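Shown next, in structure tokens, is the structure this report addresses.
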Amino acid sequence: MAILVKDALSLDIMKETKLLAGENGLDRLIQWVTIVEIIEDTSRLSEGELLVTTGFGLADNRERRARLEELIQSDRLSAIAIYKGVYLTEIPASLIEAAKNSGIPLIEIPSHVNFSDITKAVLEQIVSSQLHQLKYSSAIHQRLTHLNVSNKNVTQITDELAHLTSANIVVLDVFLHQTASHLIKDEVTYSPAFGFLTDHEPIETTPLLKQAEEKGRLVYDTCGAFVLAACPVIAMGDIFGFIVSLKRKDAWHHLDAIAIEHAGAVYAIEWLKQKAIQDTENQMQGHLLDDILQQQYTEESYVIEQATKLQYDMSDEQVVIYFQFQHQHTQLDHQMMQRLSQLLTSIFERRHIPFLLKTRLDSIFVLTPAGKKAFQEAEWYRAAEECRSTWSYFFPVHPIVIGIGRAYDQIGLFAKSAKEAQYAARLLPLLKTDECIIHYQKLGLYGMLLEMNEAGMNLHDFYVELLSPLLYTKKQGADLIHTLEVYLAHNENIQKSAGELFIHRHTLSYRLKQIETRTGCSLKSTDDRMKLQLSIMAYRLSGLLDQMRTIS
0 MAILVKDALS
10 LDIMKETKLL
20 AGENGLDRLI
30 QWVTIVEIIE
40 DTSRLSEGEL
50 LVTTGFGLAD
60 NRERRARLEE
70 LIQSDRLSAI
80 AIYKGVYLTE
90 IPASLIEAAK
100 NSGIPLIEIP
110 SHVNFSDITK
120 AVLEQIVSSQ
130 LHQLKYSSAI
140 HQRLTHLNVS
150 NKNVTQITDE
160 LAHLTSANIV
170 VLDVFLHQTA
180 SHLIKDEVTY
190 SPAFGFLTDH
200 EPIETTPLLK
210 QAEEKGRLVY
220 DTCGAFVLAA
230 CPVIAMGDIF
240 GFIVSLKRKD
250 AWHHLDAIAI
260 EHAGAVYAIE
270 WLKQKAIQDT
280 ENQMQGHLLD
290 DILQQQYTEE
300 SYVIEQATKL
310 QYDMSDEQVV
320 IYFQFQHQHT
330 QLDHQMMQRL
340 SQLLTSIFER
350 RHIPFLLKTR
360 LDSIFVLTPA
370 GKKAFQEAEW
380 YRAAEECRST
390 WSYFFPVHPI
400 VIGIGRAYDQ
410 IGLFAKSAKE
420 AQYAARLLPL
430 LKTDECIIHY
440 QKLGLYGMLL
450 EMNEAGMNLH
460 DFYVELLSPL
470 LYTKKQGADL
480 IHTLEVYLAH
490 NENIQKSAGE
500 LFIHRHTLSY
510 RLKQIETRTG
520 CSLKSTDDRM
530 KLQLSIMAYR
540 LSGLLDQMRT
550 IS
């Protein structure tokens, strides 16, 4: 609780003072007044103090002057006031320059003004401000808390906060998706991709949001003619979202910050209520989807009945989308899966896409109506893309991959769609693609081999006859299978293949002759190349399926 520097300067006792530098810092808050005769140990000075000094020793003692300059540049003080005519005939130019550079107000006090009068006047204003702020804070607390007990939603809370502060208010979830807003008509608009847009200039919000997240409290900054504020909404140690406020600089008051901070607690209570409801819904959805995917039901009518209770329609074709982390062996905490589930729920609900969701230890299944459009044009596909890009922005070291199964109109086949989606995601490393979203239909020959494997054919028997001689050389240190794979991938181009393998062209030619000799195949024959290609794919797929069984 404090007063602004400009309010202190407007006091009667300060009318004969002169502002020498730091005009841009007049909105800084004074929390206390400290009087120091000799500038020695500056570490005892606290943030937000108005330092008043006679300037003893500053004229002829470079060390003390340098110490005060360093203090000014540290940005700890709200302002500094120096007497002129006691020990200093003029305020040193180096101090004025330091104040200009740091934006700290530097005030010159005439010698006939008493220390005690300044201290008394400023502290009286601080105490008065504290009483006013306490009354305001109590009134705001009661008014906003009433919204909670009256069961008001986030939109209604936002409207009330905008009314109390006369500011533009935007409320964001933890992934910076807009959940509510109240903007002053014809003054600003808000863009989720950037921030506020005014008539004069765009105002980016991301840097201040990062500050608010790091500090765990409200922060604000001046942006041209406006003051931008950001406050995290925190409950149970987790950030649920943010309140962002934009108000004209000449109308901003630090009491607005108090109102926003109180609102943060009200939003936290509301979001905790919503989370409890959402957790219950997700649990019910998860149980139903688990029964469907595990085929743990006796009658389809039971599944349809349970889905109807959840307001989910199963009369149309359905598709399963599978989300997993790209690095399967990475240790992930439960909170990470909760965040991914929260992001998916937020995106699908905001896009009004019906869905059932099941969260497992390391993955998430989503069942949703397939629709009539091609899958790349479907709204659920765009939602999956948004999920991937948003997650990549917030958690770049934990990327996700997404698999999509085929659409089916029979409940008994939804489990098949789920298995296809899981295969699509887990086979991505074999496809040598930069894509992070893959449809089962795009697996190509791998899809055919999977169908053969599901039909009961042993993939090991499929490849072992051709590749077993090459597997033996791999144990000896020469990976002829990898050599052949690279050669076929480059359409039999010797130079490109040798370049990728980091070997000489002659070495590659020698290896290719060994491959022909050991397999009995001619690399000039289209049929033989196709047989070798399929055998390598079966070998890679068999290894991956064995790994998947081990993980499971």
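Taking numbering that gives the first Met the number 0, I'd label the letters of the sequence shown as residues 0 to 551. For glycine and all other residues, C-beta sits at the position ideal for the given N, C-alpha and C. Everything numeric in this text was worked out from a predicted model, so none of it was measured.
For L3, the three-state secondary structure derived from DSSP is strand.
Q155 sits in a helix when the DSSP states are folded into three classes. A buried status is given to T482, since no fewer than 16 other beta-carbon atoms sit within 10 Å of its beta-carbon. In terms of Cβ geometry, A406 and A369 form a close pair [threshold 7 Å]. Within the model, the alpha-carbon separation for I95 versus E107 is close to 10 Å. Take the alpha-carbon of I399 and the one of S244: they are about 33 Å apart. Contact between F193 and E203 holds: their C-beta atoms lie close to 6 Å from each other, under 8 Å. Between K248 and T221, the beta carbon gap of about 6 Å places them in contact (Cβ cut-off 8 Å). The Cβ-Cβ distance between V218 and Y266 does not fall below 7 Å. In this structure the region 70-86 lies against the region 19-34, because at least three pairs of beta carbons, one per stretch, are closer than 8 Å. Two segments are said to touch when three or more pairs of C-beta atoms, one from each, lie closer than 8 Å; by this definition the region 414-432 touches the region 306-324.
In the structure shown, A258 adopts helical secondary structure according to DSSP, grouped into three states. In the displayed model, P91 falls within coil according to three-state DSSP, outside both helix and strand. The three-state secondary structure of T16, taken from DSSP, is coil.
Closest in C-alpha terms to R359, from the list H333, E348, Q375, comes H333.
The region 409-419 and the region 384-401 do not touch, with fewer than 3 CB-CB distances between them shorter than 8 Å. The region 438-453 and the region 498-518 do not touch, with fewer than 3 CB-CB distances between them shorter than 8 Å.
If you draw a straight line from the Cα of Q284 to the Cα of Y509, it is about 59 Å long.
Under the three-state reduction of DSSP output, C386 falls in the helix class.
Inclusion of A262 and L143 in the CB contact set at 7 Å is warranted, their separation being smaller than that value. In this structure, F114 and Y86 do not form a Cβ contact; the two beta carbons are roughly 14 Å apart against a cut-off of 8 Å. Taking a 10 Å sphere around the C-beta of V126, we find fewer than 16 other C-beta atoms and assign the residue as exposed. For E68, same chain residues with a beta-carbon under 7 Å away, outside a window of 5 residues either side, are S93, L94, A97 in chain order.
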